[in-house]
Structures are given as structure tokens and as C-alpha cells.
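Q:
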């Protein structure tokens with residue numbers, strides 16, 4: 004973690020690294036003083052975003068990194084997740100609620116993030132996403 008204006012963690016693209024997210028979110032909670040209901044939605048969305056970065060972005064290549072950076076501004080927490088992949092077009096993500104997609108394995112990560120974050124934006128050709136949480 005770094006200074007008081009933002010918090011950052013860098014992970015290798017390995018599922019073993021995902022276990023560090025809980026400590027990171029615990030530190031965020033201490034730093035930003037958010038409630039447990041916010042903790043649950045932040046942990047869920049961050050886990051989904053990091054898993055997507057590892058699997059789809061970095062193709063599970065442990066040589067590539069996932070960079071997570073959080074900043075707090077006026078009661079709003081911004082969390083960005085950046086991978087080193089080729090990127091993608093977020094407008095091409097299929098709707099997991101459509102009948103033809105209901106039985107698909109996977110494909111619900113971005114949907115869950117959109118449901119639990121107050122806002123979601125993609126940048127840098129889809130290699131970076133930023134989630135916004137209005138803290139309670």
C-alpha cells in the first residue's frame with residue numbers, strides 16, 4: 004500500500020495472488036471507513052474484476068501483472084483494475100440474462116460488477132476498468 008491519497012497493490016496473474024484481495028479490502032475499509040455492506044459489494048466486484056484480468060486479459064501468464072489502485076474522494080471510492088492484455092470491446096459482452104446465454108458457463112462477471120458497483124467504466128482499449136462506490 005502507498006500514501007494516503009491512494010492505495011495500490013500489484014498482483015501476478017496467478018489465482019494464488021487472489022488471496023491478497025481480502026487483506027487489500029480490509030486495508031481499504033480501515034482507510035476509507037466504510038460499512039460492512041459496502042465491504043461485501045467491494046470484495047465481490049473486485050474479485051470478479053481481478054479474475055477477469057487474470058483469465059481474459061493476461062491469459063493466466065504469471066509474467067504479466069494486474070494493478071489495482073484505489074482512491075477516495077468526497078465519500079466515493081474509485082477502484083481501477085488494469086491488466087497487460089490485448090484489450091477488448093466491452094460493448095461486445097453478451098447479456099447473461101438473455102435466454103441463449105442462460106446456460107453458458109461464465110460470462111457473468113461484468114454483469115455482477117455493473118449490478119454491485121455504482122458505476123463502471125472501461126478505459127485503455129478495455130485493459131483497465133474503474134468501479135465507483137458511493138460509500139454509506
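Residue numbers (our numbering): 4 to 139. For glycine and all other residues, C-beta sits at the position ideal for the given N, C-alpha and C.
Residue 31 and residue 10 - do their beta-carbons sit closer together than 8 Å?
A: Cβ distance < 8 Å, so residue 10 and residue 31 count as in contact.
Q: Measuring only from the beta carbon, is residue 79 closer than 7 Å to any heavy atom that is part of the ligand ATP?
A: Annotation note on the ligand ATP: not contained in the displayed structure, which lists no ligands.
Q: Mark residue 73 as exposed unless 16 or more other C-beta atoms lie within 10 angstroms of its C-beta, in which case mark it buried.
A: Looking at its Cβ environment, which holds 16 or more other Cβ atoms inside 10 Å, residue 73 is buried.
Q: Would you tell me roughly how many angstroms separate the C-alpha atoms of residue 4 and residue 22, rounded to the nearest one?
A: Low confidence applies to residue 4: its pLDDT is 42, below 50, so where it sits in the model is not reliable enough to give any reading.
Q: Tell me the DSSP bridge mates of residue 72?
A: According to DSSP, residue 72 bridges with 11 and 83.
Q: Alpha carbon to alpha carbon, how far is residue 139 from residue 38?
A: Using only the alpha carbons, I get a separation of about 6 Å.
Q: In whole angstroms, what is the alpha-carbon distance linking residue 17 and residue 52?
A: Using only the alpha carbons, I get a separation of about 14 Å.
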